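Here's the structure we're looking at; comments come further down.
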Amino acid sequence: MTNTTYPEISIQTADFSLADEVALLERNNAIDGAVVTFTGRVRNKNEGKEVTSLTLEHYPGMTEKSLVTIIKQAKERWRIGRVKVIHRVGELFIGDQIVFVGVTSKHRQDAFAANEFIMDYLKVQAPFWKKEACQSGVNWLDAKSSDKNKAAKW
Amino acid sequence: MIKVVFFAALREQLNCSQLSLNSENLVTVADLKKQLASKDEKWQKVFANNTLLSAVNHDMVSSEQTIKSGDEVAFFPPVTGG
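Taken in sequence, the protein lines are chains A and B. The opening position of the first sequence corresponds to residue 0 in numbering that gives the first Met the number 0, with each subsequent residue numbered one higher. The opening position of the second sequence corresponds to residue 0 in numbering that gives the first Met the number 0, with each subsequent residue numbered one higher.
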């Protein structure tokens, strides 16, 4: 399996299996000794409020294009093998998985750095929006300046 | 014609997910914004928000970006995925 045919991006409503994704990153891939994965989940509290659910909206077409660009940048900066980014959309509940980023490389440093870079850039460039439902009602989340700063450090 | 799409809080505030308009007299994204803001008070208020982001044909752009007939222009709030 070459990297060009590996399905690197999935935007989906369905849940995903961490074990299945790791297996896909590792299958027929004896050259990479490092597999770094990140999974983001729905927290029960946000800024002190009890959250009941999140609804994720995105911009079909642009989402895929922006993720392809982010992955391309990561490949230009680090020696990495396979990359997989999964982002769920629709209504999600506490504890549900939202996002997955998996990166392989020969040695760990490249995969660690590339994984964090992809997440930091996804946070500020990929067109997803979260709407939060809590006891007091429903509201769109505001972007955090800390996320902007994290992406800028690269 | 230019296709204009709106997302998230912006779409809800405008109660509009997309519209098409004639591209005559529109050179840049800023021109388009100005024209949309002139629709009525609600649109004017929404487009006065300078944190709004814009994209042309799925690429994030600045307001100086030129546009032409056939383009898809999007406006949306800062993104909050991940």
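Think of the CB as a built atom: it goes at the ideal place given N, C-alpha and C, for glycine as much as any other residue. Treat the numbers as computed from the prediction; the structure is a model and nothing was measured.
Check the DSSP bridge columns for Asn138 (chain A) and list the partner residues they point to. Position 139 of the first sequence, counting from 1, holds the residue named residue 138 (chain A). Paired residue(s): A:Glu131.
Check distances from the C-beta atoms of the region 114-135 of chain A to those of chain B and list, in chain order, the residues that come in under 8 angstroms. Met118, Leu121, Lys122, Val123, Gln124, Ala125, Pro126, Phe127, Trp128, Lys129, Lys130
Along the chain, where does the beta strand (DSSP E) that runs through Met118 (chain A) open and close? The count along the first sequence starts at 1 and reaches residue 118 (chain A) at position 119. Element bounds for Met118 (chain A): not the beta strand (DSSP E) but the alpha helix (DSSP H), 107-124.
Taking the Cβ atom as the reference point for each residue, do Phe6 (chain B) and Ala47 (chain B) lie within a distance shorter than 9 angstroms? Looking up residue 6 (chain B) in the second sequence gives position 7. Looking up residue 47 (chain B) in the second sequence gives position 48. No, these two residues do not count as a Cβ contact at 9 angstroms.
Within 10 angstroms of its Cβ, does Arg40 (chain A) collect 16 or more other Cβ (buried), or is it exposed? For the purposes of this step, residue 40 (chain A) is taken as residue 41 along the first sequence, with counting starting at 1. By the neighbour-count rule (16 or more Cβ atoms within 10 Å), Arg40 (chain A) is not buried but exposed.
In the DSSP assignment, the alpha helix (DSSP H) including Thr62 (chain A) goes from what residue to what residue? Walking along the first sequence from the start, residue 62 (chain A) turns up at place 63. Where Thr62 (chain A) is concerned, the enclosing alpha helix (DSSP H) stretches over 61-76.
Have a look at Phe108 (chain A) and Glu40 (chain B) and give me their C-alpha separation to the nearest angstrom. By 1-based counting over the first sequence, the position of residue 108 (chain A) is 109. By 1-based counting over the second sequence, the position of residue 40 (chain B) is 41. Rather than Phe, the amino acid found at residue 108 (chain A) in this sequence is Gln. Approximately 53 angstroms, taken between the alpha carbons.
Run of the beta strand (DSSP E) containing Val98 (chain A), from where it starts to where it stops: Here residue 98 (chain A) is taken as the residue at index 99 of the first sequence, counted from 1. Note, Val98 (chain A): beta strand (DSSP E), 96-104.
Quick check: is the beta carbon of Ala47 (chain B) nearer than 9 angstroms to any beta carbon in chain A? Here residue 47 (chain B) refers to the residue found at position 48 when the second sequence is read from its first residue. So no, Ala47 (chain B) is outside the interface.
If you run the structure through DSSP and keep just helix, strand and coil, what is Val50 (chain A)? Counting from 1 along the first sequence, the entry for residue 50 (chain A) is found at position 51. If DSSP states are grouped into helix, strand and coil, Val50 (chain A) belongs with the strands.
Quick check on Thr3 (chain A): does DSSP put it in helix, strand or coil? The count along the first sequence starts at 1 and reaches residue 3 (chain A) at position 4. Caution is warranted here: a pLDDT of 49 is assigned to Thr3 (chain A), below 50, making its placement in the model unreliable, and the coordinate value is therefore given only provisionally. Coil.
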